[in-house]
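Colleague: Residue numbers (our numbering): 815 to 1264. All residues carry an ideal CB built from backbone N, CA and C; glycine is no exception. These figures come from a predicted structure and were not determined experimentally. Please find one structure pasted underneath; my questions will follow.
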């Protein structure tokens, strides 16, 4: 038993030390980056050209961030109107095609009448060959009956054409009235995209120019700025404060001296050597290691952990299906409390496939979206076919009508797919005014009796 504890303890201590070493190296790298940023900030005071570039970079970055937010909110309204516009144009195309079909049918009827008339006047025509595949009538009818039949079909076609033409003109009028609104949204949407693309190109050019300026002003010619993040430079005080905090965090890490080279922390040879020692110890005493618990009990413990991991993984997958609608992705980490008695889940997010953020760094609409879809995902995981959600379930500071209805609009199309078709969504919303109707959402208004 003592040998078991010793081996497990060695592994545990090694893993904890390895985590600390990785944290230490990461913090050192961060401090190095901050020091370089501070150095550049100091040099800004001496270089008007560098300062001018960074000021312009800051303004462009702020402008692009604002435009991306505008685009995000405009996008839903634009595509809603684009779908309406496409629906109008498709209807008009369908009506025009049907009218053309009926016009051809009417022409064919009159053509057959003319052929029968010529035949009756003595002009022989292979009637069966000419009428085949055009307009079908009973060949046993007399010529007079055939003429009346074709006249009836032509008249019916003309009535339908007149009705369809009337409806088509009404559709064209509605499209004509709707088109200015759609074109306004389309122009605003495309203009925003063009501005963002233009700003992105300007930022890339300025970053290249800034790296060149930094390189030219660098006393050390070997210094490489290609990998340096030339984001808008912060104030000297802000950078110094972060350096101080990083230094304090470095000092707080307690790393065994026998595992790290203070002169070269990135050299992991001591860590590898220690790992090999532990591995050799395990191989040596492997036959003597015994578990005090029964094998069945251990299997149950591992199965429970595996089930927990699977549940969390499935939940994360469901949540990410919804989050993809707003260009977010979640990453759940299962952590153990310091006293080793409780599990808890920490969530991280990636925005636009590159920006790593925490929940607190999400915008309010993003937080509301996540809260709602997290609840719905849990209900789906529990196989509750009728999912009831109310705005009373969420904190009052997140009880925003616009964001809640925007979330509903975003996720409803997913429930039309085969994956979620078996689930019904029921929203009970209290004291929230819906300014725009939501497609495929049946609304029942309930008023409290006075």
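(1) To which residues does DSSP link residue 1165 through a beta bridge?
(2) Please report the distance separating the alpha-carbon of residue 1182 from that of residue 1221.
(3) Among 1257, 1223, 1205 and 1237, which has the Cα closest to the Cα of residue 1244?
(4) Terminal residues of the continuous beta strand (DSSP E) containing residue 918?
(5) Grouping DSSP H, G and I as helix and E and B as strand, with all else coil, what is residue 1073?
(6) Quick one: grab the DSSP three-state call for residue 964.
(7) Between 1159, 889, 1241 and 912, which has its C-alpha nearest residue 784's C-alpha?
(8) I need the boundaries of the alpha helix (DSSP H) containing residue 1059, first residue and last residue.
(9) Any idea if residue 1184 is buried or exposed, counting beta-carbon neighbours within 10 angstroms, 16 or more meaning buried?
(10) Whose C-alpha, out of 1140, 1119, 878 and 1021, is nearest the C-alpha of residue 890?
(11) For residue 1252, collect the residues of the same chain with a Cβ closer than 8 Å to its Cβ; drop the 5 residues on either side in sequence, then sort them by chain order.
(12) Do residue 1201 and residue 1238 come within 9 Å of each other at the CB atom, strictly closer than that value?
(13) Just to confirm my understanding: we take residue 867, look at its own chain, exclude 5 residues before and 5 after, and list those with CB closer than 7 Å. What are they?
(14) How would you call residue 1179, buried or exposed, if buried means at least 16 neighbouring beta carbons within 10 angstroms?
(15) Closer than 7 Å by C-beta to residue 1132: which residues in its own chain qualify, once you throw out the five before and the five after it? Chain order, please.
(16) Is the distance from the Cβ of residue 992 to the Cβ of residue 924 below 9 Å?
(17) Could you spell out the range, first to last residue, of the alpha helix (DSSP H) harbouring residue 951?
(18) Using the rule of at least 16 other Cβ atoms within 10 Å of the residue's Cβ for burial, across every protein chain shown, is residue 1116 buried or exposed?
(19) Taking contact to mean 3 or more Cβ pairs, one atom from each stretch, closer than 8 Å, check whether the segment 975–983 and the segment 835–850 are in contact.
(20) So what's residue 1191 in DSSP terms, helix, strand or just coil?
(21) Bridge partners for residue 1217 per DSSP, in chain order?
(22) Just grab the DSSP bridge partners of residue 1238 for me.
(23) Using C-beta distances below 7 Å, list every residue in its chain close to residue 944, excluding the 5 sequence neighbours before and after it, in chain order.
(24) Leaving out the 5 sequence neighbours to the left and right, which residues in its chain are closer than 6 Å to residue 906 when beta-carbon positions are compared?
(25) Given a threshold of 16 other Cβ atoms within 10 Å of its Cβ, counted over all protein chains shown, does residue 1137 qualify as buried or as exposed?
(26) Assign residue 980 to one of two classes, buried (16 or more other C-beta atoms within 10 Å of its C-beta) or exposed (fewer than that).
(27) Ordered along the chain, which non-local residues of its own chain (more than five positions away) have a Cβ less than 6 Å from that of residue 1233?
(28) Mapping the DSSP letters down to three states, classify residue 1010 as helix, strand or coil.
(29) Once DSSP output is grouped into helix, strand and coil, what is the label at residue 1243?
(30) Tell me which residues share the same chain as residue 902 and place their Cβ nearer than 6 Å to its Cβ, disregarding the 5 neighbours each side in the sequence.
(31) How big is the Cα-Cα spacing for residue 830 and residue 1007?
(32) Below 9 Å between beta carbons: does that hold for residue 1203 and residue 1240?
(33) Name the one or two DSSP bridge partners that residue 1085 has.
(34) Give the secondary structure of residue 1159 by DSSP, where H, G and I count as helix, E and B as strand, and everything else as coil.
(35) Rounded to whole angstroms, what is the Cα-Cα separation between residue 1009 and residue 1015?
Modeller: Taking the geometry as given:
(1) 1142 and 1169
(2) 8 Å
(3) Of the listed residues, the one whose Cα sits closest to residue 1244 is 1205.
(4) From DSSP, residue 918 is part of no beta strand (DSSP E) but of the alpha helix (DSSP H) over 862–934.
(5) helix
(6) helix
(7) Residue 784 lies beyond the range of the chain shown here (815 to 1264); nothing can be said about it.
(8) 1050–1066
(9) buried
(10) 1140
(11) 1219, 1222, 1223 and 1226
(12) yes
(13) Hits under 7 Å: 1020, 1023, 1024 and 1027.
(14) Its Cβ being crowded by 16 or more others within 10 Å, residue 1179 is buried.
(15) 1191, 1194 and 1195
(16) no
(17) From DSSP, residue 951 is part of no alpha helix (DSSP H); its letter is neither H nor E.
(18) Classification of residue 1116: exposed, given that the 10 Å Cβ count is below 16.
(19) no
(20) helix
(21) Looking at the DSSP assignment, residue 1217 forms no beta bridge with any residue, so it has no partner.
(22) 1200
(23) Its pLDDT being 44, under 50, residue 944 is placed unreliably by the model, and nothing is read from it.
(24) 985
(25) buried
(26) An exposed status is given to residue 980, since fewer than 16 other beta-carbon atoms sit within 10 Å of its beta-carbon.
(27) none
(28) helix
(29) coil
(30) 989
(31) 48 Å
(32) In contact: residue 1203 and residue 1240 (Cβ atoms closer than 9 Å).
(33) Paired residue(s): none; residue 1085 is not in a bridge.
(34) Per DSSP, reduced to three states, the secondary structure at residue 1159 is strand.
(35) C-alpha separation (whole angstroms): 10 Å.
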